[in-house]
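Residue numbers (our numbering): 1 to 494. Virtual Cβ for every residue (Gly too), placed ideally from N, Cα, C. The structure appears right after this line, and notes come after that.
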Ligand SMILES: [Zn+2]
């Protein structure tokens, strides 16, 4: 039995978003728990598709003593405030110092955290942790598929496992894999680290592992891992981060240095060979709506409002597609989830059946104006429900007051806290069956596919207004490494 401290501090930071991420965002529960410390951590994450839950289950099966320190996450947004970063660090440091001595440390990290005063949020965190626990206590970490892994992160950890799926349906399993690697380290294996940074950024919609080229690349990872007796990852990274170490990476760990380097090189070469394949079609809002309306046949057409995806840091309240549905007189469409806490509160005060004069959405000031109109309140919800799809499975949602509003043929699912529309339970909470919708507009880039793709006759990736920009060549990066390219050509009609 070994004594393992466990902790989590997760944020995916979109540095192009102006709204900073403060302490409140880390304290508040959303799809994931709010900040928890000590033994409360076990209950808070139990059963959820979260890396630390998978680690706990696997480590407990080996009868290790787990010392829970702290776990917190916040919805993707702008840089973490210096105050929040330092406050959470102070809490974590205090817990860790009290837990000492420990034999190992497991960290549940995102890998793309940027704070106001620190570009490499995880690298700095690991350096501070090392200063407390010393150079010899093993640290293993589980990372998000969108981690921008820096050389510092590699140097300061003994091993890192990374989600293999986008939609992330294997978050818990990634934690389990971290526990397996730690078991090898505890058994005395010395793991060589191989690491490569890839010199181009990949737009989020084409990082999906359900489609090529990443579907085949992820199979290659698993094959090389089996054949080479290594732990290996392709990590596509989070492109909306203007930092030096932004971008995809390859990492591998194994007892045989030459074999481990060979696996990493093979994956690096495979990624470079697919460079031009990380691309696809982007639709304008007008074209997507007219295509959907002209399309005949049964089944749902999904419009992925990728650039307003809160899961990539966007506001989740833009109205471009909503305006377009009204302009083209869509007879039957449903939009989820539009963040407008004031509209949700007004709907709750008025009650089901009431008609409200509202200017809905777009309070972030991004994109088209709020949509003024007479909305009927059709359903209300308290935002408390459990995720049922593969991505949010078991997550206890806390989205605040919710309402289903109708404007002619269009239903809008309004929420008080922004959250990516990636689970059918979000719709059922307001008595909507997503499978019966002719046009479904989802504020999501890729995660929606886990629970919605099987309903879809067609999926259109729409580039309406929003801060989760798909065409990276439009962004003005200043800090990327020399030679890193953002300009994969996209097939679009913009
Ligand atoms: Zn991710």
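Among the residues of its own chain, which have a CB less than 6 angstroms from the CB of residue i, if the five just before and after it don't count?
i, result
"residue 388", "425"
"residue 479", "242, 243, 244"
"residue 458", "301"
"residue 354", "377"
"residue 164", "170, 218"
"residue 249", "149, 197, 235"
"residue 274", "213"
"residue 268", "196, 250"
Sort the options by Cα distance to residue i and report the nearest one.
i, options, result
"residue 258", "414, 229, 381", "229"
"residue 455", "299, 322, 390, 470", "299"
"residue 151", "100, 164, 251", "251"
"residue 349", "371, 339, 382, 78", "382"
"residue 176", "398, 135, 108, 133", "108"
"residue 112", "236, 106, 413, 399", "236"
"residue 38", "435, 49, 8", "8"
"residue 255", "43, 209, 189", "189"
"residue 194", "222, 263, 276, 102", "263"
Check this for me: beta carbons of residue i and residue j, under 9 angstroms apart or not?
i, j, result
"residue 464", "residue 442", "no"
"residue 169", "residue 390", "yes"
"residue 40", "residue 20", "no"
"residue 220", "residue 446", "no"
"residue 4", "residue 182", "yes"
"residue 246", "residue 477", "yes"
"residue 234", "residue 271", "yes"
"residue 171", "residue 54", "yes"
"residue 253", "residue 159", "yes"
"residue 460", "residue 291", "yes"
"residue 303", "residue 338", "no"
"residue 157", "residue 398", "no"
"residue 343", "residue 405", "yes"
"residue 288", "residue 137", "no"
Between residue i and residue j, what straight-line distance do the alpha-carbon atoms span, to the nearest angstrom?
i, j, result
"residue 494", "residue 321", "The predicted position of residue 494 is uncertain, since its pLDDT is 41 and thus under 50; a value taken from the coordinates is nonetheless stated next. Computed Cα separation, rounded: 14 angstroms."
"residue 51", "residue 240", "23 angstroms"
"residue 487", "residue 89", "37 angstroms"
"residue 1", "residue 59", "10 angstroms"
"residue 117", "residue 200", "25 angstroms"
"residue 83", "residue 30", "21 angstroms"
"residue 306", "residue 378", "27 angstroms"
"residue 351", "residue 371", "21 angstroms"
"residue 166", "residue 394", "18 angstroms"
"residue 369", "residue 23", "30 angstroms"
"residue 314", "residue 81", "17 angstroms"
Suppose the cutoff is 8 angstroms on Cβ atoms and the five residues either side in sequence are ignored; what does the same chain contact list for residue i look like?
i, result
"residue 110", "10, 11, 12, 73, 122, 143, 144, 146, 147"
"residue 97", "132"
Excluding sequence positions up to five away, which residues of its chain have a Cβ less than 7 angstroms from the Cβ of residue i?
i, result
"residue 357", "374"
"residue 423", "387, 388, 389, 391, 392, 451"
"residue 429", "381, 385, 402"
"residue 345", "401"
Sequence ranges, beta strand (DSSP E) only - wholly within the segment 361-426, length at least 3: Here the runs fully enclosed are 371-381, 384-386, 396-398, 402-407, 410-415.
4-residue-minimum alpha helix (DSSP H) runs that sit fully inside the segment 46-74, ordered along the chain: 51-61
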